[in-house]
Structure formats: C-alpha cells, structure tokens
Amino acid sequence: MWEGQKTILRNFMDFSKKLRRDPEKVLQYLSKEFATPAERSGDKAMFVGRREPHDFVHLLNIYVKDYLECPTCKSPDTKIDRENRITFLICEACGAKSSLKGKYA
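Position 83 of the sequence shown, counting from 1, maps to 85 under my numbering, and the rest follow consecutively.
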C-alpha cells in the first residue's frame with residue numbers, strides 16, 4: 003500500500019512472527035536491500051519510495067533461503083544461536099548446525 007512516496011507493509015509483525023525472527027533484523031535486511039530508510043510503526047513497516055508487492059515477495063524469499071532454511075534438509079524449522087560472536091542456524095528437524103554470514107539473523 004502506498005501513502006504518497008512511502009510504501010506501507012501492513013501486518014509486518016505477522017511476517018516476523020511467522021518467520022520466528024526478530025522484527026528489527028528483518029526490517030534492517032529489507033531496508034538494506036531496498037537501499038532506503040525504513041521504520042516500524044505498530045504492526046506496519048514504512049519504506050521511503052514506492053515498492054511493488056513482488057519486490058517484497060522476492061526479498062523475503064531470499065531472506066528465508068539465507069537466514070531461515072536449513073542448508074542440509076531445507077526445513078524452515080530453525081532457530082538462531084549465538085556463541086562467541088558467531089551466529090549459528092540450528093535445525094530443529096535434522097539437528098544440523100551451520101554458521102550464518104551477515105547480521106540479519
């Protein structure tokens with residue numbers, strides 16, 4: 003949805019909750035990938051500039067592949083664990099543990 007030159011992503015908190023990831027990290031990721039400022043307001047996220055819905059779908063699919071999906075079994079049932087400044091993706095389905103690059107997990 004657009005308001006002037008801003009794009010509003012409604013139900014943003016629902017996306018984060020379903021992904022089981024920190025909303026601030028997801029917002030940082032989207033903001034970086036769109037190369038535009040973003041802010042959260044209640045259940046919504048606002049981005050400067052007009053973005054199409056398929057842009058969000060594309061970026062969220064990449065986020066899921068990079069920060070949510072187990073690289074071993076492709077299950078989305080994962081959790082994040084941090085040990086000594088290293089972030090790990092731990093699969094709750096197969097038990098695999100892999101390190102994550104980036105700071106958006």
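The beta carbon of each residue, even a glycine, is placed where N, CA and C say it ideally should be.
Beta-bridge pairing of L11 - partner residues as DSSP gives them: Start at 1 with the first residue of the sequence shown, and residue 11 comes out as number 9. When beta bridges are read from the DSSP output, L11 appears opposite A47.
Buried/exposed call for C72, threshold 16 Cβ in 10 Å: In the sequence shown, residue 72 corresponds to position 70, counting from 1. A buried status is given to C72, since no fewer than 16 other beta-carbon atoms sit within 10 Å of its beta-carbon.
Opposing strand residues paired with S77 [DSSP bridges]: Here the question's residue 77 lines up with position 75 in the sequence shown. S77 has no beta-bridge partner at all, per DSSP.
Test item: CB-CB of I92 and T80 under 8 Å: Numbered from its first residue, the sequence shown carries residue 92 at position 90. Numbered from its first residue, the sequence shown carries residue 80 at position 78. Yes, these two residues count as a Cβ contact at 8 Å.
Cα-Cα separation, N13 to L32: Sequence index remark: in the sequence shown, residue 13 carries index 11 (1-based). Sequence index remark: in the sequence shown, residue 32 carries index 30 (1-based). If you draw a straight line from the Cα of N13 to the Cα of L32, it is about 15 Å long.
L91 (DSSP reduced to helix, strand or coil): Position 89 of the sequence shown, counted from the first residue, corresponds to residue 91. Note: L91 maps to strand in three-state DSSP.
DSSP beta-bridge partners of E5: Position 3 of the sequence shown holds residue 5. When beta bridges are read from the DSSP output, E5 appears opposite K8.
Min CB distance R22 to chain B below 8 Å: Of the chains in the structure shown, none is chain B; there is only one protein chain.
Contacts around L29, its chain only, beta-carbon distance under 7 Å, and the 5 residues preceding and following it disregarded: Position 27 of the sequence shown, counting from 1, holds the residue named residue 29. So the list reads A40, R42 and A47, once near-sequence residues are dropped.
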